[in-house]
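First up is the structure itself, then whatever we jot down about it.
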Amino acid sequence: MHSAAPQTQPTLERTPGKSRDRATGRPQNGPKPRHHNNPRMRKLARDGWISDQHGAWTMMAFPPLLGWALSFTFSWMVVLMLVAWAMAFQMFSAVCLWVKTPAKRRSRIAPAVITYAVLAALPGATLLALRPQLLWWAIAFAPLASSALYLVWKGRERSLSARAASILAGNIMGPVAFSLAIADGSPAAVTLHAWATCAAFGLHYIGTVPLVRSMIRGRKDPRWAVGSTLLHAAFTLCAAVAWWFGALTIWPVLMWACLTARAWVMPTLNRTRARPFSPKMIGFSELGWSILLIASLLIP
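Using UniProt numbering, read the sequence shown as starting at 1 and increasing by one per residue.
If you want it as structure tokens, here you go:
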């Protein structure tokens, strides 16, 4: 993992055929994980034109689409926002890649950063000129996005705090889309039901961080599954409280109960299998759960 921050060089320890980092125990010259099988796609990801994290696209797209769906209204302002947000997301991904890439190789990423910055600025500036109330959202969005970028700079982009900051920043787009669809884009236009619905969906993505860790990197450590299950149980309780006060219907509460059960069952099954679930299978499974949760949140 590369970082732009000054770091002391780790001590290498030689073993037959490979060298290891004493601090992490990881091979220094082993094969790097690849998120894209197509050589052209790998090059685009390496140069910052596309994200190398497949699940990030759903985390970018689903929150604003859910917020828009809650309004039951077509809005050209939301369409403009979606374009600006998609380009800003790509720019942020490219900037994160630029930050963690050694200085001598950053020049190949600069074109993607500049291109996406321009493509985000054009619809973004137009949107702010038409709906200046959107600037209020920067109070919440800016600290989260900058925190995520700082953690990437420190070489901690895989940490729970970095993932949580990125997810929360993305989920702000849900109430933003709702407020744009029904009013002037200000936070005051968001109803209690819309806040609760977007929060219930955002908590799902927060929960996927320890859940996925429990099935891949932490597969052999049952504490990850226990922690993930307890976190999901706490989120289920939050959904139940929202239902009690009339902010949610009963359907997302029942869906959250199912999500809590899967937070225990899937990692447990994964540990007992001779061949663990593949990352692709886990990703498609989580995509299915996300769609089911959205459906439950939209049922009247």
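Cβ coordinates follow ideal geometry from the N, Cα and C atoms, glycine included.
- Residue ranges of uninterrupted alpha helix (DSSP H) with 4 or more members, entirely inside the segment 48-78 and ordered along the chain, are 55-71.
- Secondary structure note for Ile291: its alpha helix (DSSP H) is the uninterrupted segment 279-298.
- Counting only residues of its own chain and dropping the five nearest sequence neighbours on each side, Ala88 has a CB closer than 8 angstroms to the CB of Tyr116, Ala120, Gly124.
- Residue environment for Trp68: buried (at least 16 other C-beta atoms within 10 angstroms of its C-beta).
- Bounds of the alpha helix (DSSP H) holding Gly124 are 110-130.
- Secondary structure note for Gly202: its alpha helix (DSSP H) is the uninterrupted segment 192-215.
- Buried is the label assigned to Leu168, since at least 16 other Cβ atoms lie within 10 Å of its Cβ.
- The C-alpha of Trp137 lies about 46 angstroms from the C-alpha of Arg273.
- C-alpha of Arg213 to C-alpha of Leu130: approximately 42 angstroms in a straight line.
- Under the 10 Å beta carbon count, Val265 is surrounded by fewer than 16 other beta carbons and is classified as exposed.
- Taken atom to atom, the span from the alpha-carbon of Gly283 to that of Ile291 is near 13 angstroms.
- Within the segment 139-177, the complete alpha helix (DSSP H) segments at least 4 residues long are 160-171, listed from N- to C-terminus.
- Close CB contacts of Glu286 within its chain, under the 6 angstroms cut and outside five residues either way in sequence, are with Thr208 (chain order).
- Measuring C-alpha to C-alpha distances from Arg219 to each of Ala263, Trp256, Val253 identifies Ala263 as the nearest.
- Pro64 and Leu82 do touch by the CB rule: their CB atoms are close to 6 angstroms apart, below 8 angstroms.
- Rounded to the nearest angstrom, the gap between the Cα atoms of Phe141 and Thr197 is 19 angstroms.
- Taking the C-beta atoms as reference points, Asp47 is found nearer than 8 angstroms to Ile109.
- DSSP places Ser228 in the helix class (H, G or I) of the three-state scheme.
- In this structure, the straight-line span from the alpha carbon of Val79 to that of Thr126 is close to 12 angstroms.
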